[in-house]
Structures are given as C-alpha cells and as structure tokens.
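Numbering (our numbering), first residue to last: 140 to 552.
Backbone N, C-alpha and C fix where the C-beta goes; we use that ideal spot for every residue, glycine too.
Below you'll find the structure, written out as structure tokens, and then a few comments.
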Ligand code: ADP
Ligand code: ASP
Ligand code: MG
C-alpha cells in the first residue's frame, strides 16, 4: 500500500463538475489500495477576486488581515471535495492548515513552513479516510493564519509529502507536465518526460509557474518523488506527466538547454552617479533589504570620474516602495545624482545542465536576440542558466526565438 499526496490546482477545482471529477480520480487511486492525502487550491480566480476586494476596501491592507481573508478560498474547496467524495461512498475529512497544524513563521503573505503535525492525518488515514488539506495556508506560533505566497499550494503538497514520507507527490494541473517553455506562449513547446531537480529549481525560480519554487526546494531537501500531471485526462487515458529526477542521466543524450523560462514580475531601478567607493552597494541594498524587498539581478557599471551607476531588479509589486526608499533614504545619503526606474521589463532565461559541458551558449543566445533587434538591458548567469532582462514588449518574441534557436521544438535523441 502506497501513501500518495495529490495536489489539485485552481483550474482543476474550478467548478462543481471539475471537483466531482477530482473526487472520482481520488476514489480510483484509493480503490487501488493506496492511502491518499489531497491538497487543494482555491477555485481558479478566487484568490485574485479576494485580493481585489481587499484593495477595493483599503489601498494598503494589513498583511495579517489579507491572510485571514485570502486563505478562505481553500477552506471552501476542501469541504466541497470532501462532500463530493462522501457522495460517491468514499470516507473523507477536510482540514484547514491550522487544523492540521501546518506551523509557519509569521511572515504574512509569504510565510515559510517550519513544521507539520502529522497526528490527525495519520489517525484518519489509519481509519481508512482520504484526508483533504487546504493548500497555501498555515498558522504561526501565536495562532495567526498565514499564507505561503502565490502558487503556495504546491509547497503545501510537497511539504506534506515530505512530512508524511509519502511514496509520491503528484501535482495535478491544467497541463500534462513540465514543458520546454510555457505552452501558452509557444504552442510548439514539448512536454518533458523528466527534468532534473536542479533544472526544475532554476525554471521555477526564473518564473515557470507550473511549480512554485519553494515546492521544488522542499522536494530537493527531503528527496520527495515529485510528478506533474494533468487532472483533465480521462480514465484509462492518463499519461505519466513529468517526473522530477535527482540524477542527470546520460549526458550524451542531454540537450544543452532543457527549457526557456520567463518572468514578467520584474522592475528595474538604477541609482545614477554614486561615488565609486567601498560600501556603496551595501548602503543601497541594505536599505532595500531592511524593507524586506527581494532583490534579483544586480549590475554595477564600470566607474568613471569617481562615480558609477548601480542597477538592480525587484518584484514589480514592490517597485514603487523600492523607488521611494531610494529617493528618500538612499539618494541623499550616498550622494547619488538621480534615481531611474522601469517597470516594463521582463526576464527571459535559458536553463540546462548541459550548459556545464558546452561552451558558447551565451553567445548563441545573444546573437539570436540581436538578430531580432532585441536590446539586452541586464545579464546574469549561473552554471546552468543564462538570464537577460529585456523590454517587456519583446517577451513573447524573445521566448519564441530562443525556443527555436536551441531546437527545443524538436524531439531529443
Ligand atoms: P495550478 O492552478 O494547477 O497550480 P498554474 O497556473 O499555477 O496551475 O500552473 C500551470 C500553468 O503553468 C500552465 O497552465 C502553464 O501555462 C504554466 N507554465 C509556465 N511554464 C510552464 C512550463 N515550462 N511547463 C508547463 N507549464 C508551464
Ligand atoms: N490559491 C492560491 C493562489 O492563487 C494558491 C495556489 O493556487 O497555489 O495563489
Ligand atoms: Mg500553481
């Protein structure tokens, strides 16, 4: 008997009919003799609707209150799925994050899971029930409701699989696996049967929202067997989706690039004419870090006349806050000439473990972009990825061109 954690996303839970379909799939896995823990998202659009409602009432809502509210979407779907299972004769019981006790820190709207109490879940599983857990949410040590960041139900699923030492964690979504790039942008994108954990980690961190980055981190840390599958395949026609593997496999067969990721959620800030001396980067980024704003790419230009320009990117939602900090705190303090900002940029990245053993990937990438007249504003690289920042209007073109340049539309050997 295997213990399986399944996670169903918003589209999969998007209507009463779809919820009944999820119940049927869960029932089939249960009937095969497995123990099932099911993590669900809110119905698609619900979290956005709730966020818009909050913003309508208050321009800067308290993060604690936001979490009280946006966690309700998942509270609805857990109960609906339990009802649907009961109706087809399957014993099921639903739990909110706080009821399970998914303990998190107190960073509202982007909390981190610290511990999961498996007592209730184990008892119900031993009792023959399917356990349904609300994704995306937890509770801090003071009893406050917290949420895990957008797309956080993936993380709930994988964290539960880790805590329960499940045999497999299955992420059911609206595509049948991880593709070479988002199939909604490039219809020629190909489904990957497997992708290495490292590549998946890069792709998720670079914006491929098919899995939330934290879920991949959990899978790596606890060696969770993780699979991405479609919840829309009919009975008897199910495919195996994409398995996240921990081995690189045979390098001879590895494509150099496995996927193209992109992220619209970026904005660029530049501090112009700062003195070119030690401590400046710290003074600029220290103020940003103190405000709990994540910084992604950083570039410091070559100094001339004793001054230099310093650019970095932040999540788009933090753009105006970061700009205000630079203008009010940093500029007078470090003696900068001016602050510039651009919130219409995006980041496009090529990812592949094969890059390690193949030089020339960067130049191939830059040539392809140049041939389309796409100007590169920033570059960053790691061992297995190359990212560029370009004007947002070129996003789709850049992704398509790179997908074709690295022959990702063609079946690999
Ligand atoms: P869910 O609600 O099930 O969590 P998401 O919308 O969060 O689903 O994630 C699935 C979506 O991720 C797909 O519909 C697809 O558009 C997008 N996506 C982005 N990059 C990729 C990729 N490389 N492979 C597959 N899907 C991707
Ligand atoms: N409902 C949450 C969101 O929309 C969590 C999730 O779907 O994973 O971000
Ligand atoms: Mg998701």
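Residue i versus residue j - alpha carbon distance
| i | j | result |
| --- | --- | --- |
| residue 324 | residue 514 | 20 Å |
| residue 227 | residue 195 | 40 Å |
| residue 409 | residue 142 | 51 Å |
| residue 233 | residue 340 | 30 Å |
| residue 395 | residue 218 | 45 Å |
| residue 428 | residue 239 | 33 Å |
| residue 363 | residue 416 | 46 Å |
| residue 554 | residue 500 | Outside the displayed span of the chain (140 to 552) sits residue 554, for which this structure offers no information. |
| residue 146 | residue 462 | 38 Å |
| residue 199 | residue 460 | 12 Å |
| residue 465 | residue 442 | 20 Å |
| residue 312 | residue 222 | 21 Å |
| residue 271 | residue 258 | 14 Å |
| residue 212 | residue 353 | 21 Å |
| residue 433 | residue 288 | 13 Å |
| residue 544 | residue 509 | 12 Å |
| residue 236 | residue 369 | 25 Å |
| residue 455 | residue 468 | 20 Å |
Residues that DSSP places opposite residue i in a beta bridge
| i | result |
| --- | --- |
| residue 254 | 242 |
| residue 517 | 528 |
| residue 234 | 272 |
| residue 147 | 179 and 311 |
| residue 207 | DSSP lists no partner for residue 207. |
| residue 490 | 398 and 524 |
| residue 174 | 142 |
| residue 408 | 451 and 480 |
| residue 277 | 285 |
| residue 367 | 310 and 381 |
Buried/exposed call for residue i, threshold 16 Cβ in 10 Å
| i | result |
| --- | --- |
| residue 299 | buried |
| residue 201 | exposed |
| residue 584 | No statement about residue 584 is possible, as the shown extent of the chain runs from 140 to 552 and does not include it. |
| residue 163 | exposed |
| residue 169 | buried |
| residue 421 | exposed |
| residue 378 | exposed |
| residue 276 | buried |
| residue 337 | buried |
| residue 151 | buried |
| residue 342 | buried |
| residue 301 | buried |
| residue 171 | exposed |
| residue 542 | buried |
| residue 192 | exposed |
| residue 206 | buried |
| residue 140 | exposed |
| residue 512 | exposed |
heavy atom of the ligand GDP below 6 Å from residue i C-beta
| i | result |
| --- | --- |
| residue 186 | No copy of the ligand GDP occurs in the structure displayed; its ligands are the ligand ADP, the ligand ASP and the ligand MG alone. |
Contained beta strand (DSSP E) runs [length at least 3] in the segment 303-365, N- to C-terminal order: If one requires a minimum length of 3 residues, the beta strand (DSSP E) runs lying completely within the segment 303-365 are 307-312 and 333-335, in chain order.
Sequence ranges, beta strand (DSSP E) only - wholly within the segment 414-450, length at least 3: Here the runs fully enclosed are 437-439.
Three or more C-beta pairs below 8 Å linking the segment 172-185 and the segment 342-351: The segment 172-185 makes no contact with the segment 342-351; the number of CB pairs closer than 8 Å stays below 3.
Cβ contact (3+ pairs, closer than 8 Å) linking the segment 324-336 and the segment 539-548: With a cut-off of 8 Å, the segment 539-548 and the segment 324-336 count as touching, because enough Cβ pairs lie within range.
Inter-stretch contact (C-beta, 8 Å, three-pair minimum) for the segment 358-374 and the segment 299-314: Three or more Cβ pairs drawn from the segment 358-374 and the segment 299-314 lie within less than 8 Å of each other, which places the two stretches in contact.
Three-pair Cβ contact test at 8 Å for the segment 150-159 versus the segment 250-261: No: the two stretches stay apart, fewer than three of their Cβ pairs being nearer than 8 Å.
Sufficient close CB pairs (3 or more, under 8 Å) joining the segment 479-488 to the segment 531-538: Yes: at least three Cβ pairs fall under 8 Å.
Meets three-Cβ-pair contact criterion under 8 Å: the segment 397-414 and the segment 467-481: Contact annotation: the segment 397-414 touches the segment 467-481, with at least three C-beta pairs closer than 8 Å.
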